[in-house]
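Note sheet for the following structure.
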Amino acid sequence: MNALMPSATAPLFALAEPFAPLFDPFGFGRAAADYWRDSVERSILYWDVMRQRGNEYLEHIEKTRPTVLGFDTDIVMEGETLPRPVNYELLRVHPPEGVETDELARPFVVVDPRAGHGPGIGGFKPDSEIGIALRAGHPCYFIAFMPYPVPGQRVEDVVEAEVTFLRHVAELHPDSEKPMVVGNCQAGWQIMMAAALEPELFGPILIAGAPLSYWAGERGKAPMRYTGGMTGGSWATHMLSDMGDGLFDGAWLVQNFERLNPANTWWDKQYNLYAHVDTEADRYLQFERWWGGHVVLGGEEIQYIVDNLFVGNRLSTAQLVTSDGRRIDLRNVRSPVVVFCSQGDDITPPPQALGWVRDLYDGVDDIIANEQTIVYCVHDKTGHLGIFVSGSVSRKEHAEFTANMDYIDVLPPGLYETTVSKASERPDAELIERDYLLEFSTRDLDDLNQVVKHSPEDELRFATVARVSEINLGLYRQFLQPWIRAVSTPESARWMRKMHPNRMGYRLLSDRNPMMSSLPVMAESVRKHRHELGDDNIFRVYEDIGSSLISRSLDAWRVLRDRALEKAFLDLYGQPLLQSLVGLKGAVEGERQVPGSEPERRRFIQRRQQEVREQVAQGGAHEAVMRSVIFVLGGAPATDGRNFRRLQASRSELEPELRLEDFKHLMRDQFFILKQDREAALEAIPELLKGLDAKTIDGHIEHIEHVLAASGELSEHAAARFERIKALFGKARPATRRTARRSGGASGNSSAKTSPASGTSAKRGTRQSASEASRVEGQAQAAPKADAEPADAPTAKAQARTEAKPAAEAKPETKPEAKPEPKPAVDAKTEAKPETKPESKPAAETKPEAKPETKSEAKPAADAKTEAKPEAKPEVETKPVAEAEPKAAQAATPASREGGNDAEKAPAATRRRSTGSPRGQRRKR
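Take the sequence shown: its position 737, counting from 1, is numbered 1118 in our numbering, and each next residue is one higher.
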């Protein structure tokens, strides 16, 4: 038995066991007895877990550097030794046993929030942000902080310290890419401020659940943004700091978080432990060690945060200025920014995480002109803590962010939404190497507004709150602050912190309470003789139903409370009279101006556009390949890391010494060039490939096709773009190869004419005019030169000069061919389109019969190439080729393919005369 049922009564229960069905036929009595015993045992175990929680809390707060990190660390740099000392420090995280890191890999730096809790939540278990990065082979660093601030510490000092830490990490890894920085919750805005001041130090930035636009939000959701207005502004925060003798207790912030969800705070969390005390104890204690590890902020720090961020909303509007005159403008961030938020987050809802983009930019073109890459990912349901604590989120989203960070780093500027899908559920699962696939889709501000839910009326209300807060703060400082500071002492401040309800609960349920002394003995006895109850017990089912009713009741009360709070806020601060009294207009026209529309920003965009125009025709094969890939993928609905990995492989073949940073700049430059003037950028591709042989050009096309095939079959739009790229690369093929084909075609056709099957060459030879004979003589003189330079442009030029005179004589030449073979002439018309590409310009070269004799000795290879051509070719050379030339020049652009050499050598007037005679022949026929 156990401690609740003495062993002396055991024989009685054993004797009564066979008769139980007679007295309890339906089993209710037995079920009730089992439930009673189980509930008593669970109660004892529950209170023992609470006792352990209190003991761990006391042990945790007595440490000098408390942290809940689940990995071993070494101190790399202490913030107290900096010129402007702070209570922060830089730690190097050691990988667990069996995990190795690469010192050449990109280092990861994780920063935890200092919002009432202690540090370590970003790596307190293996499936965490730090754990995922370590398993991926990245060196990891952690920026931690101590419970109490350095006297006089300011937010600017903390930001400067983080900049110093990042600079030191970069020095420790000189051969690696810039560090990736992860900022959780309140650490997110600190990291963004640091990146705006020192943008060159940062690699990609991931901000998880971090609020940056504090006025944003959707009505009916996340009412925490109304708190400042309903308390009259920031004066209450300043009063608590004065009562704490210049220190602000972080337990007040934790209490605000807990009030958002009373059902979870007052019932669900504790009942879940009670109902599953046999399995949930370890997880509960691990989390509570962080949740109860309250820290203290300096009064000046919390004053800066509340006035400038929570109430003033000055960060997302570029209104913050440091003490040395530097403006903190988030548009100065040069690194890609990944914003990870969730619809289930009631502390940092998606509008507050993403509203800063709309606050700073008029449109996506403004983002692109500013060379900023912004990626956002919105989770469906996880809560605020789940964004950077949940193991499932870490294994899915954070693992994919880590694996694709290099791809994110080279993404062209713009606004993207990323989604994570399970590989096994996709039709192209065989092409995906990992369990999940991270895809990127381009978005504009209209798409973003569907998430942000911007309301000018609400923004005017929050602007009114900011003015009211300034007034109330001034009144507090004038009338109350002197009295409160006069009666506050360090001892009274410590007593107030100890008596805080959130702290008191831990102290009361610990071994320091004498009433808890017998609890460990009872709990140990229960664990030895535990009688767990099955889920099919009817009373246990009733217990779960009752718990659900209590939780729903608390949720209903929360909904009523939040609606009443929202209505009171909207009615109070929406009054035109109040808005006018604080100096604001009572209409929407008083909305502030977006910083992105300032004149200096316009001039910056214009200068950047001019720089891009000058780079259209600069570069070589690598620029052409990159430009082509960006153009084709721009027609795809989404891209993913598979294209990037293929592109990296091509990069190593094209330019093996190119660093990722240079590769990033190359990709961004080509994107800007395409964005500025797409047609000019595409038409310049042949110029970038100038000087390459046909084999090399074909190899580049294969590289591009290999990259595009990584993500499966191309969409119809993307496939059409790829066909255009192949045509542009075809235009860049050397002129020697095209001329050889044309010369060979002429020789082959001439040899066909002299064959016994045709017999037409002899007839043509008897009817040649004197002018034609002189032209043949000129060709014979140019033949030796053709041996050294196969291009037949000089011959075409000589023919073009003499073509105008014998145009009338050339007319009867087509009649003998049209009579015996009229049908091939019709066939030749249908073949004119493909044949016009190599033969559109020198169509007149095929008229004289002396051409085969003069060129057959100089270029026998050309004859060999065209021996197999059909006999209908002579008619293609005279009539159909010339007729199809204008159409082909418009549809297939043969002039652009061949005009790069031939068209420049032949005058335009001569070309028009040479192409006019076949049309006259057709009219005569």
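Every residue, glycine too, gets a C-beta built ideally from N, C-alpha and C.
For the beta strand (DSSP E) holding residue 760, just list the boundary residues, first then last. Run containing residue 760: 754-760, per the beta strand (DSSP E) assignment.
Would residue 629 pass as a contact of residue 680 if the rule is Cβ separation under 7 Å? For the pair residue 629 and residue 680, the CB atoms are nearer than the 7 Å cut-off.
Apart from the five residues on each side of it in sequence, which residues of its chain come closer than 8 Å, Cβ to Cβ, to residue 709? Take residue 709, set aside five residues on each side of it, and the residues of its chain with a beta-carbon closer than 8 Å to its own are 574, 577, 578, 696, 699, 701, 702 and 703, in chain order.
Since residue 879 is in the alpha helix (DSSP H), which residue starts that stretch and which ends it? Judged by DSSP secondary structure, residue 879 falls within the alpha helix (DSSP H) whose first and last residues are 871-879.
Can you give me the C-alpha to C-alpha distance between residue 492 and residue 734, rounded to a whole angstrom? Each residue's Cα considered, the two are about 17 Å apart.
Can you look up residue 709 in the DSSP assignment and give me helix, strand or coil? Strand at residue 709.
Roughly how many whole angstroms lie between the Cα atoms of residue 424 and residue 770? The straight-line gap from Cα to Cα measures roughly 28 Å.
In the structure shown, what three-state DSSP assignment does residue 1056 receive? Helix.
The segment 553-568 touching the segment 492-505, judged by at least three CB pairs closer than 8 Å: Between the segment 553-568 and the segment 492-505 there are three or more inter-stretch CB-CB distances shorter than 8 Å, so the stretches are counted as touching.
With distances taken between CB atoms, is the gap from residue 676 to residue 627 smaller than 7 Å? No, they are not a contact pair.
Regarding residue 927 and the ligand FMN, is the C-beta to nearest heavy atom distance less than 6 Å? Absence of the ligand FMN is noted for the structure shown, with no ligands found whatsoever.
Would you kindly work out how many angstroms separate the C-alpha atoms of residue 663 and residue 648, rounded to a whole number? In a straight line, the C-alpha of residue 663 is about 19 Å away from that of residue 648.
Between 513, 886 and 858, which lies nearest to residue 435 when the distance is taken from Cα to Cα? Of the candidates 513, 886 and 858, the one whose C-alpha sits nearest the C-alpha of residue 435 is 886.
Taking C-beta to C-beta, are residue 750 and residue 994 nearer than 7 Å? The answer is no: Cβ separation not under 7 Å.
Since residue 853 is in the alpha helix (DSSP H), which residue starts that stretch and which ends it? It spans 837-860 - the alpha helix (DSSP H) in which residue 853 sits, taken as one unbroken run.
How is residue 472 classed by DSSP in three states: helix, strand or coil? Strand, per DSSP.
Selected residue, minimal CA-CA separation from residue 484, among 470, 468, 517 and 1062: Residue 484 has its Cα closest to that of 517, out of 470, 468, 517 and 1062.
Check whether residue 449 and residue 497 have beta carbons under 7 Å apart: Going by C-beta atoms, residue 449 is not nearer than 7 Å to residue 497.
How long is the line joining the alpha carbons of residue 420 and residue 601, rounded to whole angstroms? Approximately 39 Å between the Cα atoms of the pair.
Inter-residue spacing [alpha-carbon to alpha-carbon] between residue 1006 and residue 1081: Our two residues, residue 1006 and residue 1081, have alpha carbons roughly 7 Å apart in a direct line.
If I follow the unbroken beta strand (DSSP E) through residue 420, where does it start and stop? From DSSP, residue 420 is part of no beta strand (DSSP E) but of the alpha helix (DSSP H) over 409-442.
Please name the residue, chosen from 510, 513 and 522, that lies closest to residue 455 on a Cα-to-Cα basis. Comparing Cα positions, the closest option is 522.
Segment contact flag, the segment 435-447 with the segment 522-539, C-beta cutoff 8 Å, min 3 pairs: Segment contact: the segment 435-447 against the segment 522-539, three or more CB-CB distances shorter than 8 Å; contact assigned.
Between the segment 607-614 and the segment 741-758, can you find at least three pairs of beta-carbon atoms closer than 8 Å? Contact fails: fewer than three Cβ-Cβ distances are below 8 Å.
Length of the line joining the Cα atoms of residue 1084 and residue 804: Approximately 25 Å, taken between the alpha carbons.
Keeping to the same chain, check which residues put their C-beta closer than 7 Å to that of residue 541; ignore five residues upstream and five downstream. Result list for residue 541: 465, in chain order.
With a cut-off of 8 Å on the beta carbons, I'd call residue 826 and residue 933 a contact; round off their distance for me. Actually they are not in contact, since the Cβ atoms of residue 826 and residue 933 sit about 39 Å apart, beyond 8 Å.
Cβ contact check for the segment 1070-1079 and the segment 1008-1016: 3 or more pairs under 8 Å: Because the criterion of three Cβ pairs below 8 Å is not met, the segment 1070-1079 and the segment 1008-1016 do not touch.
Under three-state DSSP, which class holds residue 1083? Correct three-state label for residue 1083: helix.
Cα separation between residue 907 and residue 653? Taken atom to atom, the span from the alpha-carbon of residue 907 to that of residue 653 is near 19 Å.
Within the continuous alpha helix (DSSP H) that includes residue 622, where are the two ends? 616-624 is the extent of the alpha helix (DSSP H) around residue 622.
Looking at the unbroken alpha helix (DSSP H) that takes in residue 931, where does it start and where does it end? Element bounds for residue 931: 919-954.
Considering only the beta carbon of each residue, do residue 592 and residue 729 sit closer than 7 Å? Residue 592 is a Cβ neighbour of residue 729, given a cutoff of 7 Å.
If residue 620 sits next to residue 841, beta carbons under 8 Å apart, how far is it from one beta carbon to the other, in whole angstroms? 28 Å between Cβ atoms; not a contact.
Please report how far the alpha carbon of residue 1077 lies from the alpha carbon of residue 1093, in whole angstroms. Between the alpha carbons of residue 1077 and residue 1093 lies a distance of about 25 Å.
Residues bridged to residue 1039 (per DSSP): Under DSSP, residue 1039 shares a beta bridge with no residue.
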